[in-house]
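Working notes, structure below.
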Amino acid sequence: MGYIALPRRLFLWSMATIYLFAFVSLYVQLPGLYGNEGLLPARWQLRFSGRSLWEQLQSSPTLLWFGPKLGLDTQNAMELLCLVGAVLSLAATLVEALRDSLVFFCLWLLYMSLYQVGQVFLYFQWDSLLLEAGFLCILIAPLTLVRGSTGVREHDRVTFWLARWLLFRLMFASGVVKLTSRCPTWWGLTALTYHYETQCIPTPLAWFAHQLPVWWQKLSVVGTFIIEIPIPFLFFSPLRRLRIGAFYMQVLLQVFIISSGNYNFFNLLTLALCLSLLDDQHVRFWLGKAEKTKDNGSKLCSLLEAAVWSGIIFAAIVCFDLQLDWGKKSISSRTAFTYHQFNQFLKAVTIPCIWMGVLSLTWEMVAAMFRCACVHGFLRRFWATLQWTVFSAAAAAMFTVSIVPFTYVEYDSNAQLWPGVRQAYQAVDRYQLSNSYGLFRRMTGVGGRPEVVIEGSHDQVTWTEIEFMYKPGNVSAPPPVVTPHQPRLDWQMWFAALGPHTHAPWFTSLMYRLLQGKRDVIELIQSDVTQYPFHQQPPAYLRAHRYKYWFTEPKADGSYPARWWRKVYVEEFYPTVHLGSSVLESLLHHHGLKDKSVPRRVSNATVPRAVRWVRSQVSGVPGPLLLWSLFACSATLCLFRVLQNPKGGSAGQEASAEPEPGATSSRDAADVAALSEEEQVGEDLDEGVDEVEEEDPVKDDDDDEDELANKEEELRENEHDNAEKKK
């Protein structure tokens, strides 16, 4: 693994940006989801009893317990946490010195505090992934606020390795669960013929992707399995180009997913984790500043790489019976292995995957230990070794804890784990430090996309459909593009349509709040309240029906239809209700949605008034518009800084040339080792460098580098001539 200063800095910047998206996206929806008049008021999760603050924190670790000390109720306290998180993440995006361990700890603590009371609207896999990756940032980021340096540390590769291990667990589990679920569409390679129209919130490109021929859709499923199951093993390959090849294949998959579906910041977070597969040399290649290096083992490496890629292609051909049909100009495919064979494969590789992780992490730790041993000076060496000890122990602990959720993919392997590992995992489980993953386990909507349509009326004669901003409803409306915003109510409407309304208790609360005409809930459906059909007067009656939606097909002449969707009525989803109806009241009591507690009185203190003022400024602004505005402003400011100081933006040179106090860079360690073999040449080079620096200390960096290169070349030629004379 080469130097990782640039990928590490890109990763930390990406995580700060993703935190910004997550906090702002949640903030605009807080009143409607968790407010005192929202769907699931968060204050129900925080029952202030006579227990001490420490006991309350142990039962539910969240900063919201401190809200009353600032005169805040639970809703305003959640808004304050979101605002602080958004400001911190925006500052970290703009200022590199703030991409610090302490800042990332605050961001993780803020989001985890919100997660604790988020209930069903915040229990998505990407929220858990953000918390786990965010905690890793605490170990990966430097302590710049304390020590004032962003230089390379000897243990950076050890902590950055944890991001690679998380990426491996995410992708490998996502591929495995598709087959262990025994879903017939995944085994039949037909999942993508349904996926584009049945996913939660498709994009306009999903309509075009849905029209692709079946043989291409099946081949795409094969490619998905290849990228998610065997390719992740290349993450730990000792061959650099195999890791880079795996990186681009993961990026390809994530770009396709982003273009066809709105999955908020989830795919962006996966792309950020993919940066752990890169090194400085490849990032400089992107920037057009690649250095020419000689690879003495290039032929052998090329042969090994060709053998690996050939093996993967051969395995794909055999396992999926790929055959080229010249007559139809297509490639046929089918699953050529059984569930039992795949289960045996899974049993054979799960435990070795753990040992692969152990060996890879051990290698990084040993290499870092040797770099510490090469540090000049006793005190600096001692300080570097102490840091290595602490962070290596933390990395080993995080890896150990992650083994438990990783082995959930195979029951027998999970049962073989040492009980002490399970106990360690259970001790930290509530903090979301390590989680299990598995995306698109089963393909839903095979017989048509189920969709719930809510209708309101004043007289039970004329019914008006209540259209949501993002989820499919109006068959003529094009699918939206909302990434990286996540409209959490629209997402839950998709899950609610998969079963009866009794499986989604919050839906009864939605009907109740709409009958009451609560503005905060209405803004979840339409941010511009005037677009809501009952904005002047709440409906007297509400009902909900289940429909099935399909994408329309192109016309026979190849032209596009006027509508994006077609729908068919299926059944009643929710009975007709009105305020005070026995059906609604019984459901409210059954699900515990009848609010009996009295909300905390609104305080006029400074902090609550400031929180309410910020809310008044952003009320009614669509989430995607607010997110992209903040991102565009921050990206513009970063661009201006780079243009104003283009030479100061050479991150790789600064990171390599300015090691932290108490430690030397990896390049310095290599120079020390080389000095023992060619001491005289090294001394001559140092003298030459000193001469160049003394001659013109005010020259630009580029001129200095040219003169240094010329001086070093002359010294090498002199050394070569001296050696020839001696011979």
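Residue numbers (the working numbering): 3 to 729. By construction, the Cβ of each residue, glycine as well, lies at the ideal position given by its N, Cα and C atoms.
Length of the line joining the Cα atoms of residue i and residue j
{"i": "V613", "j": "L255", "result": "41 Å"}
{"i": "F13", "j": "R603", "result": "43 Å"}
{"i": "L289", "j": "F249", "result": "17 Å"}
{"i": "P461", "j": "P541", "result": "Here the sequence assigns Asp to residue 461, which means Pro is not the residue at that position. Cα to Cα, D461 sits roughly 9 Å from P541."}
{"i": "T446", "j": "R49", "result": "38 Å"}
{"i": "P699", "j": "N647", "result": "Caution is warranted here: a pLDDT of 39 is assigned to P699, below 50, making its placement in the model unreliable, and the coordinate value is therefore given only provisionally. Distance between the alpha carbons of P699 and N647 is about 19 Å."}
{"i": "M358", "j": "E366", "result": "12 Å"}
{"i": "L526", "j": "R245", "result": "43 Å"}
{"i": "G177", "j": "M371", "result": "35 Å"}
{"i": "T19", "j": "F633", "result": "8 Å"}
{"i": "G52", "j": "K71", "result": "15 Å"}
{"i": "V406", "j": "P215", "result": "41 Å"}
{"i": "K301", "j": "F137", "result": "41 Å"}
{"i": "R184", "j": "G190", "result": "10 Å"}
{"i": "V484", "j": "W493", "result": "12 Å"}
{"i": "V377", "j": "R383", "result": "5 Å"}
{"i": "S262", "j": "L194", "result": "11 Å"}
{"i": "L55", "j": "L595", "result": "27 Å"}
Which of helix, strand or coil DSSP assigns to residue i
{"i": "G87", "result": "helix"}
{"i": "T182", "result": "helix"}
{"i": "R155", "result": "coil"}
{"i": "T466", "result": "strand"}
{"i": "S332", "result": "strand"}
{"i": "P2", "result": "No answer is possible for residue 2: it lies beyond the span of the chain, which begins at 3 and ends at 729."}
{"i": "G263", "result": "strand"}
{"i": "P232", "result": "coil"}
{"i": "P70", "result": "helix"}
{"i": "P2", "result": "The requested residue 2 does not occur in the structure, where the chain is confined to residues 3 to 729."}
{"i": "N269", "result": "helix"}
{"i": "T532", "result": "helix"}
{"i": "G1", "result": "Absent from the model: residue 1. The displayed extent of the chain is 3 to 729, so no value can be given."}
{"i": "A94", "result": "helix"}
{"i": "F107", "result": "helix"}
{"i": "E412", "result": "coil"}
{"i": "H593", "result": "coil"}
{"i": "H487", "result": "coil"}
{"i": "F50", "result": "coil"}
{"i": "N38", "result": "coil"}
{"i": "A211", "result": "helix"}
Supposed contact pair residue j and residue i - C-beta distance, whole angstroms, cut 8 Å
{"i": "Y117", "j": "Q434", "result": "7 Å"}
{"i": "R565", "j": "T578", "result": "28 Å between Cβ atoms; not a contact."}
{"i": "L85", "j": "V623", "result": "No, L85 and V623 are not in contact; Cβ-Cβ is about 15 Å, not under 8 Å."}
{"i": "L8", "j": "A165", "result": "With a Cβ gap of about 14 Å, L8 and A165 do not count as contacting."}
{"i": "S115", "j": "L22", "result": "Actually they do not touch by this definition, with Cβ atoms about 17 Å apart."}
{"i": "Y514", "j": "P489", "result": "20 Å between Cβ atoms; not a contact."}
{"i": "G73", "j": "S511", "result": "With 8 Å as the limit, G73 and S511 do not qualify as a contact, their Cβ atoms being about 27 Å apart."}
{"i": "L363", "j": "A397", "result": "7 Å"}
Opening and closing residue of the alpha helix (DSSP H) in which residue i lies
{"i": "D522", "result": "R521 to I527"}
{"i": "K550", "result": "No alpha helix (DSSP H) holds K550; the beta strand (DSSP E) holding it covers Y543 to F553."}
{"i": "K569", "result": "K569 -> not in any alpha helix (DSSP H); beta strand (DSSP E) instead, spanning W567 to V579."}
{"i": "E366", "result": "Y341 to A375"}
{"i": "V122", "result": "Where V122 is concerned, there is no enclosing alpha helix (DSSP H), given that its DSSP letter is neither H nor E."}
{"i": "Q518", "result": "P507 to Q518"}
{"i": "S620", "result": "Correcting the residue type first, residue 620 is Val in the shown sequence and not Ser. Where V620 is concerned, the enclosing alpha helix (DSSP H) stretches over T608 to V620."}
{"i": "F384", "result": "F380 to F408"}
{"i": "D281", "result": "Note, D281: premise wrong, no alpha helix (DSSP H); not H, not E."}
{"i": "D559", "result": "That residue, D559, is in no alpha helix (DSSP H); it is neither H nor E in DSSP."}
{"i": "D492", "result": "R490 to A498"}
{"i": "G20", "result": "One point to set straight first is that residue 20 is Ile, not Gly, in the sequence displayed. That run of the alpha helix (DSSP H) goes A7 to Y29."}
{"i": "F316", "result": "S300 to C321"}
{"i": "W420", "result": "Where W420 is concerned, there is no enclosing alpha helix (DSSP H), given that its DSSP letter is neither H nor E."}
{"i": "S62", "result": "Per DSSP, S62 belongs to no alpha helix (DSSP H) and is neither H nor E."}
Residue i: first and last residue of the uninterrupted beta strand (DSSP E) it sits in
{"i": "D327", "result": "Q325 to D327"}
{"i": "E457", "result": "R451 to S459"}
{"i": "S636", "result": "That residue, S636, is in no beta strand (DSSP E); its alpha helix (DSSP H) goes G625 to Q646."}
| message | Three Cβ pairs or more, each shorter than 8 Å: is that satisfied between the region 373-392 and the region 202-214? | response | Result no; under three Cβ-Cβ pairs closer than 8 Å.
| Can we say the region 340-358 touches the region 405-424, given the rule of at least three CB pairs closer than 8 Å? | Contact holds: three or more Cβ-Cβ distances are below 8 Å.
| Segment contact flag, the region 23-36 with the region 264-278, C-beta cutoff 8 Å, min 3 pairs | With a cut-off of 8 Å, the region 264-278 and the region 23-36 count as touching, because enough Cβ pairs lie within range.
| Taking one C-beta from the region 423-431 and one from the region 518-536 each time, how about it: are there three or more such pairs within less than 8 Å? | They do not touch, by the three-pair rule.
| request: Flag this pair as touching only if the region 168-175 and the region 477-486 have three or more C-beta atom pairs under 8 Å; answer yes or no. | output: These segments do not touch.
| message | Any contact between the region 87-103 and the region 635-643? By contact I mean 3 or more CB pairs, one from each, below 8 Å. | response | Touching, per the Cβ criterion.
| query | Is the region 568-575 close to the region 535-550, with three or more CB pairs under 8 Å? | reply | Three or more Cβ pairs closer than 8 Å define a contact, and the region 568-575 meets that threshold against the region 535-550.
| query | Are the region 271-286 and the region 210-224 touching, with three or more C-beta to C-beta distances below 8 Å? | reply | The region 271-286 makes no contact with the region 210-224: fewer than 3 CB pairs, one atom from each, lie closer than 8 Å.
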